[in-house]
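Heads up: the sequence shown is residues 124 to 532, going by my numbering.
Here's the structure we're looking at; comments come further down.
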Amino acid sequence: MSNFNANALSISKVEVINVKDYGVVGDGITDDTDSIQHILNRAQGKIVFFPISKNHYLIKKPLLLKSSTSIKGESDTGSKIIQTTWGMPAFEIYNEDSCLIENLLIKYEGNRLNISGGYRGNNKSSYCAGVYLNGHNSAINNVNIEGFVCGVFLTNYNLDNTNSFQTLAKNNIVRDINVNKVDFGVLITGQIDLEIENIYGTCEQSQKLHPSHLVYVGGKTERAIIKNCYANNINSGAAFQFRMLNNSFIYNLNAESCSGIVSIIDCKNNTLQKIRSILDTSPNYSFYFQRGKLGSYNNTIDSLFIHKSATGSVHAISIDGQENVIKNVHIFLPKVFKSSVINRINGGKRNQVLNWRIDLDSNKEVGTMLKIRAGHHHVVKRIEASNFGLLIQVHPQSQNNEIDIMDIP
């Protein structure tokens, strides 16, 4: 990516095309799709510049980028691209490489509906994206996106031929993105050496079969860096969901007033650090570790804070899989029902629970702090908790666990 950045982003060495000089109106009334596309068809190796306009640039079809094309706006609030056709992306990079999109506001204006037949006739609503990227060595930077199903959709899916996954897409960057009124902020599948950084915003469900997530890894992804992401008011799903994410580093994820913070399914060899959830609104699990079909194993979660605002039969953490480590955890809970089970180990083997502190807003003994339902050889050490009716409950079928109850006050 250092070579790509040096070569593709140097304005002093690249011709800049101002769209206003080539027939693009930008009055919010004129359909500028064809005029912009005419420029993009001849813009390989160049920068296409969208200056701030009195109104917005209106489009009714996707704008298709060829390899080595850069799109730059004057600002991420003043250079506005408005898509008015539901179900289609605003920008599409398909089987093209080394593209850049930055400093824009990209918005869909109209009713957000459940999509039964999506773009390209594939019944995939996720192609309704501010930016659809199927390629390598490209970057989306400093962009505001509103109203689509996806803010940014990163994929390697082959639509035109076999409808199968191609080689993993390499070296893409998504950085400094604000989203609003989307189902998914960034949707990721089939990537390697990916960087996701500084993603902010809220999500609003339109596709009723799919919960919303700020960052969602939905298919095989390797060696990703995902950091500094902030979700707010996501009430239909966990703020972050990772499925088939391997050998990756996730740092500084934050969720406020969301129905859960992280869901992990079929992931391996990942490190997650500094995960924080404030005013978690769901009575269900805030941090959900699921074995799935392939298994989740050898993941480390370090420094996790959960503050739930839900009352009643609330839950915090559910763990499955094998050889996972969840350490340095602080959970703060409101008043809970006496029958509540706060944390669970649901199965697997050799999972480690280390250095947990659980604070209850209650002076009475309520609930069970940790229930080990299945699996074997789990390790539970250095737990600080009080006012629980039962600290640890172990099912008879769960054998050979190492539980250091001396460290529990």
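Cβ atoms here follow ideal geometry from the backbone N, Cα and C, with glycine treated the same way.
Predicted model only: the values in this text are computed from it and were never measured.
Using the beta-carbon count (16 or more within 10 Å), is residue i buried or exposed?
i: Y145; result: exposed
i: Q93; result: With the chain running from 124 to 532 in the structure shown, residue 93 is simply not present.
i: H438; result: buried
i: Y242; result: Confidence in Y242 is poor, its pLDDT being 48 and thus under 50, which makes the residue's placement too unreliable to answer from.
i: R467; result: buried
i: I175; result: exposed
i: H179; result: buried
i: G383; result: buried
i: E219; result: buried
i: G490; result: buried
i: K416; result: exposed
i: H518; result: exposed
Going by DSSP, name the residue or residues bridged to residue i.
i: K504; result: L477
i: T207; result: None, per the DSSP bridge assignment.
i: F365; result: V340 and I387
i: L236; result: According to DSSP, which records beta bridges pairwise, L236 is partnered with nothing at all.
i: Y145; result: Per DSSP, none; premise fails for Y145.
i: D255; result: Sequence check: residue 255 is Tyr here, not Asp. Answer by DSSP bridge pairing, in chain order: E215 and F276.
i: L493; result: N466 and I515
i: F307; result: C273 and H336
i: G324; result: V302 and A354
i: Q445; result: Y420 and K472
i: F460; result: Looking at the DSSP assignment, F460 forms no beta bridge with any residue, so it has no partner.
i: K487; result: K487 pairs with nothing; no bridge assigned.
Between residue i and residue j, which are expected to be in contact by the criterion C-beta below 8 Å, what is the C-beta distance as a whole number of angstroms?
i: D199; j: N267; result: 5 Å
i: G308; j: G342; result: In fact, because the Cβ distance is near 17 Å, the residues do not count as touching under 8 Å.
i: L395; j: I424; result: 5 Å
i: N369; j: N393; result: 7 Å
i: S536; j: S329; result: Because the chain is modelled from 124 through 532, residue 536 falls outside the range shown and cannot be assessed.
i: A566; j: S400; result: Residue 566 cannot be examined here, being either before or after the span of the chain that is shown, 124 to 532.
i: S221; j: N260; result: 5 Å
i: R505; j: G470; result: R505 to G470, Cβ: 23 Å. No contact.
i: S462; j: S432; result: Contact doesn't hold; Cβ gap of about 20 Å is too wide.
How long is the line joining the alpha carbons of residue i and residue j, rounded to whole angstroms?
i: I152; j: L181; result: 7 Å
i: G324; j: A354; result: 5 Å
i: N295; j: G196; result: 20 Å
i: I134; j: L187; result: Because I134 sits at a pLDDT of 45, beneath the cut-off of 50, its placement in the model cannot be relied upon, and the point is left open.
i: N474; j: T207; result: 50 Å
i: I205; j: H333; result: 25 Å
i: Y420; j: N447; result: 6 Å
i: P212; j: K177; result: 24 Å
i: R503; j: K331; result: Residue identity check: residue 503 is Val in the sequence provided, not Arg. C-alpha separation (whole angstroms): 39 Å.
i: I449; j: F372; result: 15 Å
i: S386; j: F363; result: 6 Å
i: S380; j: Y374; result: 20 Å
i: T285; j: K189; result: Legend: pLDDT at T285 = 46, less than 50; position of this residue unreliable, no value from coordinates given.
i: M367; j: A292; result: 15 Å
i: R298; j: Y217; result: 20 Å
i: N246; j: G210; result: With a pLDDT of 42 at N246, under the threshold of 50, the modelled position of this residue cannot be trusted; read the value that follows with caution. Their Cα atoms are separated by approximately 10 Å.
i: F172; j: G270; result: 23 Å
i: T278; j: K169; result: 24 Å
i: D316; j: G253; result: 22 Å
i: E488; j: N510; result: 4 Å
i: I159; j: H453; result: 52 Å
i: D389; j: M492; result: 26 Å
i: N301; j: I398; result: 20 Å
i: K143; j: V272; result: 29 Å
i: Q413; j: V137; result: 48 Å
Taking CB distances under 9 Å as the criterion, tell me whether residue i reaches chain B.
i: R346; result: Going by chain labels, chain B is absent from the structure shown, which holds only one protein chain.
**Report entry** Complete runs of the alpha helix (DSSP H) confined to the segment 152–192 [at least 4 residues]
**Finding:** 156–163
Requested in this report: Entirely within the segment 365–439 and at least 4 residues each: give me those alpha helix (DSSP H) ranges in chain order.
Outcome: none
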